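Going by UniProt numbering, the sequence shown opens with residue 1, and the numbers climb by one from there. By construction, the Cβ of each residue, glycine as well, lies at the ideal position given by its N, Cα and C atoms. Quick caveat, the model's predicted, so the values are computed rather than measured. Reading through the structure tokens given below for one structure.
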Amino acid sequence: MLADNGSPKSADKLAEMTGLEPKLMSRWMKHLYTAGFVSETGPDEYAPNGISTALATRIAGGMTKNCYDFMNHVHARFPEYMKNTGYKNPTDKDASPFKYGMGTDLHYWEWISQPGMEEKLDDFKAHMEFKTLGKKWFQSVDVPQIFDHPTDPSATLMIDIGGSFGHDIIDFHKAFPDMPGKLVLQELPATINTLPSDFPSQDIEAQAYDFFTPQPIKNAKVYYLHMILHDWPDESCRKILSSIIPAMKKGHSKILLNEIVIPDTNASWFSTSVDMLMLLCHSAQERTESDWRKLLGSVGLQISKIWDCEGNPEKIIEVELV
């Protein structure tokens with residue numbers, strides 16, 4: 001529809017452009033109009049609106065496909081899954097609704113990394129990029145207070161654990177290019193080996209690392225995890241956190257969790273929608289403040305402050321050793 005600068009097009013023309021049968025295209029476009037995805041400019045004639053224009057972009061379109069495309073299979077079989085599991089809250093990552101719905105023994109991360117899944121993996125990457133749009137996480141915290149940055153440039157200032165292609169840590173470096181201390185991106189080898197050519201390797205070290213294994217960098221000021229723990233049930237989260245704790249220096253090191261914190265009342269549709277997505281994909285969850293305090297306390301950590309991000313359901317949870 002965006003061809004010819006988005007000029008209005010008949011359903012017949014759209015059918016010709018896409019290969020759909022004209023009658024089917026006509027019915028489909030009428031429905032898309034009533035759902036608010038396109039503008040109606042005349043009988044059986046349509047033009048893109050703000051929503052369809054956004055969905056045609058790589059980031060918004062990829063994010064939408066990542067959330068809904070294959071998940072339709074999982075949704076369809078979810079009632080059957082719940083019946084078979086006795087209507088219990090899913091907490092077993094090895095028996096998730098995703099694995100049941102897709103008929104696979106693979107976890108979501110393994111499934112999406114298979115050969116032939118390149119388009120779906122690109123949609124996932126686009127989703128990760130979407131999360132970095134708008135106000136940056138460090139604009140909602142007192143950076144000097146949290147980082148209390150070292151004067152020794154050889155010391156490690158921040159490690160972005162499981163940071164995908166480094167969107168967050170790159171933004172941080174751009175905002176504070178002269179702050180002393182090393183910056184490190186840690187990700188699985190498959191990601192590290194496919195970093196884009198413009199990754200600023202002269203400023204940020206890229207290190208292959210599995211966050212279920214002991215953290216190799218000791219005494220960093222900040223260990224940062226953005227929407228990592230929401231992908232995992234509590235038992236797995238305890239393993240991830242426990243891999244970091246021995247590397248921390250009491251009174252110096254902090255963990256920063258960039259995560260959704262669901263309020264006790266008046267939760268946003270976005271936060272509960274992501275909670276359902278985590279339930280279906282990973283047998284995991286978004287957490288309330290009390291959930292976070294209980295989880296962190298179970299491994300010897302405590303919350304020193306939760307930084308509000310001005311209406312964003314994602315918060316910055318500042319964590320330290322008890």
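Neighbourhood of residue i by C-beta distance below 7 Å, restricted to the same chain and skipping five residues each side
i	result
LYS218	ALA247
ASN312	none
ALA190	SER113
LYS239	PHE212
Residue interval of the alpha helix (DSSP H) (run including residue i)
i	result
MET158	Taken as a continuous stretch (DSSP letters only), MET158 belongs to no alpha helix (DSSP H), being part of the beta strand (DSSP E) at 156-161.
LYS23	22-34
GLU118	118-130
PRO313	Where PRO313 is concerned, there is no enclosing alpha helix (DSSP H), although the beta strand (DSSP E) it sits in stretches over 312-321.
From the options, residue whose alpha carbon lies closest to that of residue i
i	options	result
HIS31	ASN5, GLU16, ALA11 and MET17	ALA11
HIS226	PRO200, PRO233, LEU257 and TYR87	LEU257
GLY162	LEU229, ASP122 and SER290	LEU229
LYS125	ALA76, ASP210 and THR194	THR194
ILE255	ILE112, ASP160, GLN139 and TYR100	ASP160
LYS221	GLU235, LEU121, TYR209 and VAL319	VAL319
ILE260	MET278, HIS252, ILE245 and ILE244	MET278
PHE212	THR191, GLU187 and PRO196	GLU187
residue 357	CYS237, CYS309 and TYR33	This structure cannot settle anything about residue 357, because the visible part of the chain is limited to 1 through 322.
THR64	VAL274, HIS173, LYS249 and PHE199	VAL274
ALA15	ASN5, GLY6, THR288 and MET29	MET29
Cβ shell of residue i (< 6 Å), same chain only, five flanking positions each side left out
i	result
PRO8	THR41, GLU45 and ALA47
ILE51	PHE37
LEU24	none
ALA60	ALA54
ARG58	ALA126
ASP92	SER283
Expected contact under 8 Å - CB spacing of residue i and residue j to nearest Å
i	j	result
LEU185	ALA155	Contact doesn't hold; Cβ gap of about 17 Å is too wide.
MET102	VAL74	7 Å
HIS127	ASN66	4 Å
ILE245	VAL299	7 Å
LYS315	ILE306	5 Å
GLY134	LEU157	Contact flag wrong, Cβ pair sits at about 24 Å.
ILE169	LEU183	6 Å
Sequence-distant residues of the same chain with beta carbon closer than 8 Å to residue i, five excluded per side
i	result
ALA95	THR85 and SER283
SER304	LYS254, GLU318, VAL319 and GLU320
Neighbour flag for residue i against chain D, beta carbons, 8 Å
i	result
SER52	Absent from the structure: chain D. Only one protein chain is present.
Would you list, in sequence order, the uninterrupted beta strand (DSSP E) runs of no fewer than 3 residues that lie entirely inside the UniProt domain "O-methyltransferase C-terminal" (156-301)? 156-161, 182-187, 205-208, 222-226 and 254-262
Which ranges would you report for the alpha helix (DSSP H) in the region 25-110 if only whole runs of at least 4 residues count? 50-55, 58-68, 71-84 and 97-102
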